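Engineer:
Residue numbers (full-length UniProt numbering): 1 to 331.
1) Is residue 91 near residue 122, with beta carbons less than 9 Å apart?
2) Taking all protein chains shown into account, decide if residue 220 is buried (16 or more other Cβ within 10 angstroms of its Cβ) or exposed.
3) Can you tell me whether residue 326 is buried or exposed? The criterion is at least 16 other CB atoms within 10 Å of its CB, across all chains shown.
4) If you follow the alpha helix (DSSP H) that residue 58 is in, where does it begin and where does it stop?
5) Report buried or exposed for residue 272, applying the criterion of at least 16 other Cβ atoms within 10 angstroms of its Cβ.
6) Thinking C-beta only, is residue 61 closer than 9 Å to residue 72?
7) If you follow the beta strand (DSSP E) that residue 123 is in, where does it begin and where does it stop?
8) Can you find the residues in the same chain that come closer than 8 Å, C-beta to C-beta, to residue 305, ignoring five residues on each side of it along the sequence?
9) Specify the secondary structure class of residue 324 as computed by DSSP and reduced to three states.
10) Is residue 209 helix, strand or coil by DSSP?
11) Is it buried or exposed for residue 235, if we count other Cβ within 10 angstroms and need 16 for buried?
12) Starting from residue 19, trace the beta strand (DSSP E) in both directions and tell me its first and last residue.
13) Classify residue 192: buried if its beta carbon has 16 or more other beta carbons within 10 angstroms, exposed otherwise.
14) Apply the 10 Å Cβ neighbour rule to residue 34 and answer buried if 16 or more other Cβ atoms are within range, or exposed otherwise.
15) Quick one: grab the DSSP three-state call for residue 226.
16) Would you mind stating whether residue 159 and residue 205 have Cβ atoms separated by less than 9 Å?
17) Within its chain, find whatever has a CB closer than 8 Å to the CB of residue 127; leave out the 5 residues flanking it on each side and keep chain order.
18) What residue range does the beta strand (DSSP E) around residue 272 cover?
19) In whole angstroms, what is the alpha-carbon distance linking residue 17 and residue 108?
20) What number of angstroms, rounded off, separates the C-alpha of residue 265 from the C-alpha of residue 168?
21) Classify residue 106: buried if its beta carbon has 16 or more other beta carbons within 10 angstroms, exposed otherwise.
22) Pairing CB atoms from the stretch 313-321 with CB atoms from the stretch 144-160, are three or more of them under 8 Å?
23) Identify, in the order they occur along the chain, each residue of the same chain with its Cβ nearer than 6 Å to the Cβ of residue 40, setting aside the five sequence neighbours on each side.
24) So what does DSSP say about residue 251, is it helix, strand or coil?
25) CB residue 229 to CB residue 208, shorter than 9 Å?
26) Classify residue 70 as buried or exposed, calling it buried when 16 or more other Cβ atoms lie within 10 Å of its own Cβ.
27) Rounded to whole angstroms, what's the CA-CA distance from residue 223 to residue 57? Just pull it up for me.
28) With H, G and I counted as helix, E and B as strand and the rest as coil, what does DSSP make of residue 283?
Below, the structure is given as structure tokens:
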């Protein structure tokens with residue numbers, strides 16, 4: 001059993017002109033819907049605001065999802081939405097344009113046409129990928145241009161794979177994909193990102209290192225990769241390319257509240273504690289906005305943790321209020 005000290009309950013302002021919820025979840029992906037369902041199953045009122053722009057929209061299938069491996073991301077999301085609605089979660093397809101308030105005064109969430117009150121906020125807004133400015137990368141992204149061996153590696157096992165050396169993460173990707181194919185080539189696009197000891201490691205694993213920048217990828221309309229042209233004039237016949245994107249948490253709303261972002265080699269994110277609480281009281285973050293490397297199940301698990309933490313915080317507030325009313329705790 002975990003013992004948590006009671007804190008003074010916040011006093012919420014109520015604006016009768018807007019609908020109020022215990023929690024507003026901003027972002028309706030795996031993390032957001034998991035948080036919403038967890039809260040709704042504990043009889044909390046929850047609104048999920050989602051603009052419908054999932055990061056994995058270009059992927060044909062989602063993997064490493066127990067019981068649903070190979071289903072399309074859209075199928076997985078729709079099932080999660082249906083389950084959340086079944087527990088009483090309300091869904092809004094409007095993008096959130098504003099977020100203000102505090103734990104003590106309550107939060108106001110604004111869209112273009114409506115605004116809502118909330119006692120707690122869950123930011124499950126995901127991240128955006130910024131790709132290097134190399135022609136063809138965008139056309140193949142999520143199809144023949146990959147980034148994660150655990151998401152797409154099985155599908156390209158044994159094939160000819162080119163790793164684009166554009167980031168300090170690129171050599172790490174090369175090592176992971178070398179487990180899936182003996183035909184991995186590292187294209188040293190930016191030599192400053194590959195240390196000599198990393199080159200030695202890649203070569204020891206049988207990965208050929210080609211010292212040339214990438215000029216363009218030949219990606220057809222169906223997303224298939226038909227070759228990579230290098231600045232030295234070489235054209236490589238490969239089946240898949242791997243690139244490390246620069247990842248940026250969709251954290252504009254958090255920054256407006258006065259929050260600050262943390263950074264690691266993959267990019268910028270919102271730092272949280274183990275249960276998803278951020279440095280701003282009453283605001284939680286879950287999924288890729290807080291963990292750049294989280295896959296679908298990990299994002300969902302983070303959403304469950306945040307939902308459970310918020311539910312218990314509400315119970316603590318109710319207990320404190322009851323103790324004050326009974327004269328057993330000073331206000």
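Virtual Cβ for every residue (Gly too), placed ideally from N, Cα, C. Note that the structure is predicted; figures quoted are calculated from it, not measured.
Structural biologist: According to the structure data:
1) no
2) exposed
3) Taking a 10 Å sphere around the C-beta of residue 326, we find fewer than 16 other C-beta atoms and assign the residue as exposed.
4) Element bounds for residue 58: n/a, residue is neither H nor E.
5) Buried is the call here.
6) yes
7) Going by DSSP, residue 123 is part of the beta strand (DSSP E) stretching over 115-123.
8) 274, 275, 276 and 286
9) helix
10) strand
11) exposed
12) 19-26
13) exposed
14) buried
15) strand
16) no
17) 55, 247, 248, 249, 250, 267, 269, 288, 289 and 292
18) That residue, residue 272, is in no beta strand (DSSP E); it is neither H nor E in DSSP.
19) Residue 17 and residue 108 have their C-alpha atoms roughly 12 Å apart.
20) Rounded to whole angstroms, residue 265 and residue 168 show a C-alpha spacing of 7 Å.
21) buried
22) Contact between the stretch 313-321 and the stretch 144-160 is absent, with fewer than three C-beta pairs closer than 8 Å.
23) Correct list, in chain order: 46, 87, 88 and 89.
24) coil
25) Cβ distance not < 9 Å, so residue 229 and residue 208 don't count as in contact.
26) It is exposed - the Cβ of residue 70 has fewer than 16 other Cβ atoms within 10 Å.
27) 14 Å
28) Three-state DSSP puts residue 283 in a strand.
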